[in-house]
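Here's the structure, in structure tokens; my notes come after.
Protein chains in written order, with the numbering used here: chain A, 29 to 290; chain B, 13 to 403.
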């Protein structure tokens with residue numbers, strides 16, 4: 029039977045753009061172009077590699093997000109080589125936190141059917157990095173997170189997690205949820221053939237009711253956290269430039285000493 | 013997603029995705045890679061082969077021969093976007109655009125099978141030899157001549173300013189054959205493999221910072237099998253013109269990419285460089301020339317896309333005028349952008365670190381090749397405006 033790989037991806041505002049919050053303190057999606065979270069490209073890449081190493085595998089990319097998340101998010105993963113997409117889109121999802129998102133993803137992943145779920149290490153907008161763990165908990169399957177190397181063989185997923193003080197080799201029986209880091213290997217660029225093929229790949233669109241999820245469990249209302257206020261990061265102040273005219277070293281030392289760095 | 017003119021009228025989602033993917037590939041190499049290759053005397057092979065593997069070099073070639081099945085528009089997107097990241101691949105102008113197009117449209121089945129899959133994935137390269145020392149812009153004076161010898165051809169002549177002959181597996185040579193009936197010379201094209209006896213080439217020392225080199229080519233009774241003649245002996249002129257429009261559109265893409273790269277460097281500098289209270293980009297003497305460059309690049313890009321759209325629609329004649337205008341406009345806009353960029357940076361504009369100075373000469377190439385801007389003005393004068401000819 030074929031290996032069913034599901035990759036969870038997120039549509040995020042371009043991190044290189046000038047990102048803001050909307051009036052309700054959710055992500056302002058209008059001000060900045062959206063795209064597939066760069067960290068999720070690593071997940072797609074690892075899924076493709078696992079698929080290529082397997083005799084028979086199918087990759088489904090799943091996303092929860094607004095209308096544009098299909099064309100500007102899922103499409104990228106499909107053009108990289110994933111086989112089909114699932115897009116959960118529903119007005120009631122607006123303002124969901126990671127608890128809500130993980131609930132919807134869990135239902136969507138179950139809807140698709142899976143042996144292995146692959147996630148990125150974090151999203152480039154929320155950057156919480158807890159979704160894979162929450163998802164595994166909701167699915168009731170093992171989680172093997174933050175891998176820099178991952179492989180599947182004989183009903184097991186194995187991988188390497190590089191910590192600050194130790195490298196761990198981990199394994200779990202399938203089905204399981206894994207997340208991969210940005211050290212797992214450069215994500216491929218969509219080839220021209222991939223780009224042309226992506227448009228013809230099926231994307232199933234689902235609403236909350238299709239997944240049997242009550243709307244009050246998600247969205248701003250269902251969020252476990254509430255954002256009271258948000259302030260823009262203060263502008264960086266101009267630094268001090270020390271010109272070396274024979275006394276540069278002393279001036280540097282004085283600067284550091286004044287701020288108690290030395 | 014916004015519904016701008018570009019999106020609705022010209023750039024399909026696939027084209028924009030192609031643009032994005034090529035740009036991402038180019039950025040992963042970056043200008044430093046390109047300048048390192050030039051300094052070390054290497055070719056930009058890593059980028060070439062990666063672009064080939066992703067199907068970018070052969071987007072315009074037929075699918076049944078390993079290409080992408082798209083058109084000149086897409087091929088120009090690839091070259092422009094690579095150029096905009098500081099990594100243009102000059103041989104795209106000749107290998108897939110001229111040679112690939114000519115072979116795909118007019119080549120024999122054997123020639124297509126022999127060459128197109130390689131040109132499409134980048135594993136093979138083909139140079140293009142038309143310019144001659146005594147012909148220059150006057151292609152009617154081409155003297156490289158082929159004569160029959162049994163079943164073979166013997167090709168003799170000289171070519172000059174031929175790009176990339178050293179790294180090309182073969183060169184598509186424009187020669188002439190004698191019409192058996194009238195005795196008049198008519199153009200015809202031959203595929204000459206690099207190692208063919210009698211085919212020799214010598215590098216021309218150029219003051220250009222480019223990985224691809226320029227060559228003089230000497231053909232001394234080069235014996236070619238009958239299969240080296242492209243297509244039909246009587247259709248040479250048609251074949252030649254089929255290749256020249258793509259060449260002009262691709263030269264425009266080359267200039268546009270370079271101009272965009274230079275402008276981006278200059279804008280970033282103008283936004284961050286501060287000597288008085290405001291960044292220098294706040295001063296109109298700096299800002300306005302940059303804005304003008306953007307306008308001119310955008311206009312030239314539109315014309316280049318028009319030419320590509322016409323060409324891909326099969327309108328060779330209509331594409332000719334647009335391709336000439338696009339090549340002219342893009343070369344002017346590209347050169348102006350580089351010039352403006354250098355002066356925006358002042359002294360830094362001439363340093364190696366910022367990498368703009370070498371573009372001053374490189375950006376002139378678009379004004380000179382494949383035809384000079386004066387010849388394009390001639391074309392528009394005679395062809396478009398109906399003015400009398402001076403030659």
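Heads up, the beta-carbon is just placed ideally off N, CA and C, and yes, glycines get one too.
Paired residues, beta bridge with residue i - DSSP
{"i": "residue 112 of chain A", "result": "A:88"}
{"i": "residue 49 of chain B", "result": "Note: residue 49 of chain B sits in no beta bridge, so no partner."}
{"i": "residue 307 of chain B", "result": "Note: residue 307 of chain B sits in no beta bridge, so no partner."}
{"i": "residue 190 of chain A", "result": "A:195"}
{"i": "residue 36 of chain A", "result": "A:90, A:147"}
{"i": "residue 286 of chain B", "result": "B:291"}
{"i": "residue 161 of chain B", "result": "B:164"}
{"i": "residue 346 of chain B", "result": "According to DSSP, residue 346 of chain B bridges with nothing at all."}
{"i": "residue 175 of chain B", "result": "B:226"}
{"i": "residue 49 of chain A", "result": "A:55"}
{"i": "residue 177 of chain A", "result": "A:188"}
{"i": "residue 211 of chain B", "result": "B:231"}
{"i": "residue 141 of chain B", "result": "B:185"}
{"i": "residue 99 of chain B", "result": "Answer is none; residue 99 of chain B lacks a bridge partner."}
{"i": "residue 199 of chain B", "result": "B:188"}
For residue i, the nearest candidate out of the options (CA to CA)
{"i": "residue 146 of chain A", "options": "A:120, A:274, A:159, A:259", "result": "A:159"}
{"i": "residue 166 of chain B", "options": "B:345, B:74, B:239", "result": "B:239"}
{"i": "residue 96 of chain B", "options": "B:368, B:379, B:181, B:403", "result": "B:368"}
{"i": "residue 267 of chain A", "options": "A:276, A:256, A:257, A:283", "result": "A:283"}
{"i": "residue 89 of chain A", "options": "A:50, A:61, A:30, A:140", "result": "A:140"}
{"i": "residue 205 of chain A", "options": "A:264, A:193, A:143", "result": "A:143"}
{"i": "residue 60 of chain A", "options": "A:67, A:87, A:41, A:49", "result": "A:41"}
{"i": "residue 226 of chain B", "options": "B:279, B:140, B:108, B:291", "result": "B:140"}
{"i": "residue 344 of chain B", "options": "B:296, B:148, B:318, B:389", "result": "B:389"}
{"i": "residue 52 of chain A", "options": "A:96, A:289, A:76, A:124", "result": "A:124"}
{"i": "residue 202 of chain B", "options": "B:237, B:179, B:218", "result": "B:237"}
{"i": "residue 107 of chain B", "options": "B:248, B:289, B:130, B:126", "result": "B:130"}
{"i": "residue 126 of chain A", "options": "A:216, A:83, A:155", "result": "A:155"}
{"i": "residue 47 of chain B", "options": "B:223, B:121, B:261", "result": "B:223"}
{"i": "residue 19 of chain A", "options": "A:46, A:114, A:288", "result": "A question about residue 19 of chain A goes unanswered here, because the residues of chain A that appear run from 29 up to 290."}
{"i": "residue 403 of chain B", "options": "B:152, B:52, B:22, B:115", "result": "B:152"}
{"i": "residue 180 of chain A", "options": "A:66, A:222, A:281, A:83", "result": "A:83"}
{"i": "residue 190 of chain A", "options": "A:232, A:149, A:169, A:221", "result": "A:149"}
DSSP three-state assignment for residue i, whether helix, strand or coil
{"i": "residue 125 of chain B", "result": "helix"}
{"i": "residue 218 of chain B", "result": "coil"}
{"i": "residue 364 of chain B", "result": "coil"}
{"i": "residue 119 of chain A", "result": "helix"}
{"i": "residue 253 of chain B", "result": "helix"}
{"i": "residue 185 of chain B", "result": "strand"}
{"i": "residue 234 of chain A", "result": "strand"}
{"i": "residue 111 of chain B", "result": "helix"}
{"i": "residue 221 of chain A", "result": "helix"}
{"i": "residue 75 of chain B", "result": "helix"}
{"i": "residue 216 of chain A", "result": "coil"}
{"i": "residue 229 of chain A", "result": "coil"}
{"i": "residue 318 of chain B", "result": "helix"}
{"i": "residue 13 of chain B", "result": "Note on residue 13 of chain B: pLDDT 45, under 50, position unreliable in the model; the coordinate value appears next. In the structure shown, residue 13 of chain B sits in coil (DSSP, three-state: anything other than H, G, I, E or B)."}
{"i": "residue 332 of chain B", "result": "helix"}
{"i": "residue 211 of chain A", "result": "coil"}
Chain B contact residues for residue i, given Cβ-Cβ distances below 7 angstroms
{"i": "residue 107 of chain A", "result": "29"}
Contact set between residue i and chain A, taken where Cβ atoms lie within less than 8 angstroms
{"i": "residue 36 of chain B", "result": "217"}
{"i": "residue 80 of chain B", "result": "220, 221, 224"}
{"i": "residue 26 of chain B", "result": "223, 224, 227"}
{"i": "residue 71 of chain B", "result": "220"}
Neighbour list for residue i in chain A, Cβ cutoff strictly below 7 angstroms
{"i": "residue 68 of chain B", "result": "220"}
{"i": "residue 33 of chain B", "result": "217, 218, 223"}
Cβ separation of residue i and residue j, assumed to be a contact under 8 angstroms, to the nearest whole Å
{"i": "residue 353 of chain B", "j": "residue 83 of chain B", "result": "The pair is not a contact, with the Cβ atoms about 31 angstroms apart (cut-off 8 angstroms)."}
{"i": "residue 246 of chain A", "j": "residue 132 of chain A", "result": "6 angstroms"}
{"i": "residue 71 of chain A", "j": "residue 35 of chain A", "result": "5 angstroms"}
{"i": "residue 379 of chain B", "j": "residue 347 of chain B", "result": "6 angstroms"}
{"i": "residue 172 of chain B", "j": "residue 208 of chain B", "result": "So it is not a contact: roughly 19 angstroms between Cβ atoms."}
{"i": "residue 99 of chain B", "j": "residue 43 of chain B", "result": "7 angstroms"}
{"i": "residue 132 of chain B", "j": "residue 73 of chain B", "result": "5 angstroms"}
{"i": "residue 215 of chain B", "j": "residue 170 of chain B", "result": "Not really, about 15 angstroms apart at Cβ, beyond 8 angstroms."}
{"i": "residue 278 of chain B", "j": "residue 357 of chain B", "result": "7 angstroms"}
{"i": "residue 183 of chain B", "j": "residue 158 of chain B", "result": "With 8 angstroms as the limit, residue 183 of chain B and residue 158 of chain B do not qualify as a contact, their Cβ atoms being about 14 angstroms apart."}
{"i": "residue 236 of chain A", "j": "residue 134 of chain A", "result": "Not a contact, Cβ separation roughly 13 angstroms."}
{"i": "residue 162 of chain A", "j": "residue 207 of chain A", "result": "Between residue 207 of chain A and residue 162 of chain A the Cβ distance is about 11 angstroms, and since that is not below 8 angstroms, they are no contact."}
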